[in-house]
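Peer 1:
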Amino acid sequence: MPKTALITGITGQDGAYLAKLLLSKGYYVVGTFRRTSMLNLERVNYLGIKDKIELMPMDLQDQGNIIKVLDKVQPHEVYNLAAQSFVAVSFEQPLVTGDITGLGVARLLEGIRIVNPEIKYYQASTSEMFGKVQEVPQSENTPFYPRSPYAAAKLYAHWMTVNYREAYNVYACSGILFNHESPLRGLEFVTRKITNTVARIKCGLENELRLGNLDAKRDWGYAPEYVEAMWLMLQQSKPDDYVISTGETHSVREFVEAAFSHVNLDWREYVVVDPAFYRPAEVELLIGDPTKAKERLGWQCKTDFKALVGLMVDADLKRVGK
Ligand code: NAP
Ligand code: G4F
0 MPKTALITGI
10 TGQDGAYLAK
20 LLLSKGYYVV
30 GTFRRTSMLN
40 LERVNYLGIK
50 DKIELMPMDL
60 QDQGNIIKVL
70 DKVQPHEVYN
80 LAAQSFVAVS
90 FEQPLVTGDI
100 TGLGVARLLE
110 GIRIVNPEIK
120 YYQASTSEMF
130 GKVQEVPQSE
140 NTPFYPRSPY
150 AAAKLYAHWM
160 TVNYREAYNV
170 YACSGILFNH
180 ESPLRGLEFV
190 TRKITNTVAR
200 IKCGLENELR
210 LGNLDAKRDW
220 GYAPEYVEAM
230 WLMLQQSKPD
240 DYVISTGETH
250 SVREFVEAAF
260 SHVNLDWREY
270 VVVDPAFYRP
280 AEVELLIGDP
290 TKAKERLGWQ
300 CKTDFKALVG
310 LMVDADLKRV
320 GK
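213 is the number that numbering that gives the first Met the number 0 gives to position 214 of the sequence shown; each next residue is one higher, with no gaps.
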């Protein structure tokens with residue numbers, strides 16, 4: 000009998016890559032989506048797996064819905080990737096962010112406890128929880144200091160995951176993932192906003208790129224490699240929390256330079272700094288220490304910064320060119 004995995008957030012970047020990975024490992028994959036007026040399956044379509052997974056509506060804001068889905072699917076593993084995941088929007092919509100990204104996790108964990116506490120659980124935690132960093136680089140032992148409603152909601156979710164592990168013995172893991180990107184990244188996030196606009200400028204469809212804080216630094220990795228770490232966390236003898244990162248940091252400015260130079264353009268001729276994109280509180284520097292993941296999971300990133308920027312620009316050039 001193949002194992003059944005339930006992935007929340009199947010319409011997102013990580014949901015699509017994780018579904019593809021689990022299918023390749025022989026899993027039966029159920030992906031949940033929230034009801035919208037038009038279901039967007041662009042990413043699972045792009046990866047050619049739409050007809051290989053079962054799709055089911057489930058909203059993290061609805062406890063009854065969660066329990067019914069868990070009861071019907073009886074998954075061996077649940078990967079909770081669903082969230083209001085855009086930091087900037089969380090300042091505009093702090094309550095809805097708290098309800099989905101924070102309380103949604105409590106609803107899911109409670110559902111697991113009620114339906115079957117043997118279900119293994121993966122929580123998509125984030126380097127944003129380190130916020131105003133208390134240590135460089137950040138590891139599993141670094142104190143948290145969230146700087147946005149999104150980060151505060153994720154921190155609540157992180158501790159709820161730890162609590163269900165300690166209080167009810169649920170096999171629950173929190174993956175503290177640093178930024179990971181790909182051609183399937185949402186267009187509002189800075190990396191994809193840059194590569195998409197660079198492609199449009201190169202094709203003569205646009206002539207400027209408006210950005211906020213160019214000095215912010217992030218530890219950017221390649222998303223398909225990060226979903227492998229999620230799976231590995233649920234295959235260990237004991238549940239635990241892991242930082243997943245490259246161990247390198249680069250500024251938004253460096254990302255911009257690399258993307259424009261990939262198509263032989265000078266970024267200074269196109270980039271306009273627009274304070275409209277500044278955040279009320281910024282996370283200035285993130286750089287993760289992935290030692291524990293390397294030693295315990297055998298996980299390590301493979302795609303470096305330059306290769307990541309190049310593959311994202313190339314994918315956008317191909318798409319825009321069409
Ligand atoms: P994403 O592309 O924004 O996907 C988020 C998913 O959550 C989408 O499928 C979205 O559905 C779904 N969702 C939103 N509200 C929901 C609700 N009320 N009920 C059910 N589903 C809902 O995010 P991602 O980049 O794949 O990231 C996956 C997870 O990892 C997120 O939890 C994110 O916060 C976390 N994370 C991401 C990174 C990163 O760098 N990518 C790093 C650390 C942690 P719609 O398509 O309908 O919007
Ligand atoms: O791409 P971003 O919006 O990602 P951010 O805020 O780091 O959050 C992402 O990574 C987290 C992991 O650390 C995830 F948990 C979260 O769900 C999400 O996936 O912004 C990156 C940096 C910020 O410092 C921002 O101020 O880029 C800066 N930036 C500068 N100009 C911009 C822009 N960000 C966006 N989105 N748009 C701009 O025009």
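Beta carbons are placed, not taken as given, at the ideal position from N, Cα and C, and that holds for glycine.
Within 7 Å: the Cβ of Phe32 and any heavy atom of the ligand NAP?
Peer 2: Answer for Phe32: yes, Cβ within range of the ligand NAP.
Peer 1: Starting from Ala32, follow its DSSP beta bridges and name the residues at the other end.
Peer 2: One detail in the question is off: residue 32 reads as Phe in this sequence, not Ala. Answer is Pro56, bridged to Phe32.
Peer 1: Considering only DSSP beta bridges, list what Thr125 is partnered with.
Peer 2: Paired residues: Leu176.
Peer 1: Provide the residue(s) that pair with Leu284 in DSSP beta bridges, ordered along the chain.
Peer 2: Beta-bridge pairing links Leu284 to Lys216.
Peer 1: So Arg209 is in the beta strand (DSSP E); what residue range does that whole segment cover?
Peer 2: Leu208 to Leu210 is the extent of the beta strand (DSSP E) around Arg209.
Peer 1: Could you say which of Glu283, Gly110, Leu316 and Gly103 lies nearest to Gly211 if we only look at CA atoms?
Peer 2: Out of Glu283, Gly110, Leu316 and Gly103, Glu283 has the C-alpha closest to the C-alpha of Gly211.
Peer 1: Inspect the beta-carbon positions of Ser124 and Gly174 and report whether they are closer than 8 Å.
Peer 2: Contact flag set, yes.
Peer 1: So, with DSSP's three-state summary, where would you put Asp315?
Peer 2: Helix.
Peer 1: Within the same chain, show all residues whose beta-carbon is closer than 8 Å to that of Tyr163, passing over the 5 residues directly before and after it, in chain order.
Peer 2: So the list reads Leu108, Ile111, Arg112, Tyr120, Val169 and Ala171, once near-sequence residues are dropped.
Peer 1: Buried or exposed for Cys300, going by 16 or more other Cβ atoms inside 10 Å?
Peer 2: Cys300 is buried by the Cβ-count criterion.
Peer 1: So what does DSSP say about Ile200, is it helix, strand or coil?
Peer 2: Correct three-state label for Ile200: helix.
Peer 1: Quick check: the stretch 142-161 against the stretch 125-132, are there 3 or more CB pairs under 8 Å?
Peer 2: At 8 Å Cβ cutoff, the stretches touch.
Peer 1: Entirely within the stretch 217-286 and at least 3 residues each: give me those beta strand (DSSP E) ranges in chain order.
Peer 2: Counting whole runs of 3 or more residues, the stretch 217-286 contains the beta strand (DSSP E) stretches 240-243 and 270-272.
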